[in-house]
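Start counting the sequence shown at 35; every next residue gets the next number (our numbering).
What follows is a short report on a single structure.
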Amino acid sequence: MHRHQERTKPRGGWGVVALVALSGTFLLTNGLDASGGPPQPARASALVSDPVHDAAARRLPPAPEPLKPSPPTRIRVPSVRVDAPVTRVGLDAEGWVDAPPPQDANLAGWYDGSPAPGARGTTVIDGHVDNEQGPAVFYRLGSVERGQRVEVDRQDGRTAVFTVYGIEVVGKDGFPAERVYGPKGAPELRVITCGGGFSKKTGYDGNVVVFARLTEIR
35 MHRHQERTKP RGGWGVVALV ALSGTFLLTN GLDASGGPPQ PARASALVSD
85 PVHDAAARRL PPAPEPLKPS PPTRIRVPSV RVDAPVTRVG LDAEGWVDAP
135 PPQDANLAGW YDGSPAPGAR GTTVIDGHVD NEQGPAVFYR LGSVERGQRV
185 EVDRQDGRTA VFTVYGIEVV GKDGFPAERV YGPKGAPELR VITCGGGFSK
235 KTGYDGNVVV FARLTEIR
């Protein structure tokens with residue numbers, strides 16, 4: 035995924051971020067083609083409207099009390115065999131959110147302008163789907179399903195456990211920033227990588243977004 039397309043630009047505060055977090059142009063390298071690319075969310079798991087989004091979240095157990103802020107150190111998604119360190123990513127000189135270095139395939143990035151995992155608000159963690167060498171940390175993210183866990187270790191030794199209540203592919207154009215990143219009244223997590231259709235010339239045309247809510251603290 036080319037660096038210049040892997041950026042997020044805050045506009046008027048976090049609640050209205052115009053996020054097009056990740057895009058890539060490496061799907062057709064190393065023998066990968068469109069039919070052998072990363073999995074995409076099943077139709078049944080995709081969020082198609084705010085009522086569906088809200089109903090899925092309401093079926094989760096009550097969220098624990100929010101934790102005090104502490105940076106993430108590691109993310110695990112057992113269902114798709116993700117187990118990766120987390121680094122901080124911030125804003126570049128143009129005001130866009132950086133992505134992890136593409137050469138570090140098994141590395142996720144926490145946007146440190148978003149809340150720490152388990153704290154009140156919506157935490158954002160992103161990562162590459164692929165790089166020039168092949169699949170990267172979130173290559174299988176599109177096959178995550180509702181009810182599965184995302185575990186985020188924190189620097190204070192606690193682990194924030196989130197339960198997935200939705201996953202969808204959103205286009206870069208018209209990104210629904212408020213619906214994706216707006217506060218939900220409980221600690222939440224968004225895990226993002228690139229996805230959707232692919233063109234060798236322009237890369238991926240969307241982003242896979244996993245929606246999850248805090249359901250356990252260890």
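The C-beta atom is built at its ideal place from N, Cα and C for all residues, glycine as well.
Coil, strand or helix - residue i by DSSP
{"i": "Glu212", "result": "helix"}
{"i": "Leu175", "result": "helix"}
{"i": "Arg180", "result": "coil"}
{"i": "Val114", "result": "helix"}
{"i": "Ala153", "result": "coil"}
{"i": "Ala170", "result": "coil"}
{"i": "Ala90", "result": "helix"}
{"i": "Arg192", "result": "coil"}
{"i": "Ser104", "result": "coil"}
Burial state of residue i, where buried means 16 or more other Cβ atoms lie within 10 Å
{"i": "Gln189", "result": "exposed"}
{"i": "Phe60", "result": "Note that Phe60 scores 44 on pLDDT, short of 50, meaning its location in the model is unreliable; the coordinates nonetheless yield the value given after this. The residue in question, Phe60, is buried, as its Cβ has 16 or more Cβ neighbours within 10 Å."}
{"i": "Leu101", "result": "buried"}
{"i": "Thr227", "result": "buried"}
{"i": "Glu212", "result": "exposed"}
{"i": "Gly71", "result": "buried"}
{"i": "Ala133", "result": "buried"}
{"i": "Arg115", "result": "exposed"}
{"i": "Asp117", "result": "exposed"}
{"i": "Ser233", "result": "exposed"}
Distance between residue j and residue i (C-alpha atoms, nearest Å)
{"i": "Glu185", "j": "Gly205", "result": "27 Å"}
{"i": "Asp239", "j": "Phe245", "result": "19 Å"}
{"i": "Gln167", "j": "Pro136", "result": "10 Å"}
{"i": "Gly208", "j": "Asn241", "result": "12 Å"}
{"i": "Lys235", "j": "Thr107", "result": "35 Å"}
{"i": "Ala139", "j": "Gly161", "result": "8 Å"}
{"i": "Leu125", "j": "Trp144", "result": "12 Å"}
{"i": "Arg37", "j": "Ala142", "result": "Because the pLDDT of Arg37 is 34, which lies under 50, any placement of that residue in the model is unreliable, and the number read from its coordinates should be weighed accordingly. So the two alpha carbons sit approximately 14 Å from each other."}
Pick from the options that is closest to residue i, judged by C-alpha positions
{"i": "Gly237", "options": "Thr193, Pro221 and Val163", "result": "Val163"}
{"i": "Glu179", "options": "Ser104, Ala97 and Ser113", "result": "Ser113"}
{"i": "Pro247", "options": "Arg174, Pro72, Trp144 and Gly155", "result": "The identity of residue 247 in the sequence shown is Arg, whereas the question assumes Pro. The candidate whose alpha carbon is nearest that of Arg247 is Gly155."}
{"i": "Glu202", "options": "Gly229, Phe172, Arg110 and Ala170", "result": "Gly229"}
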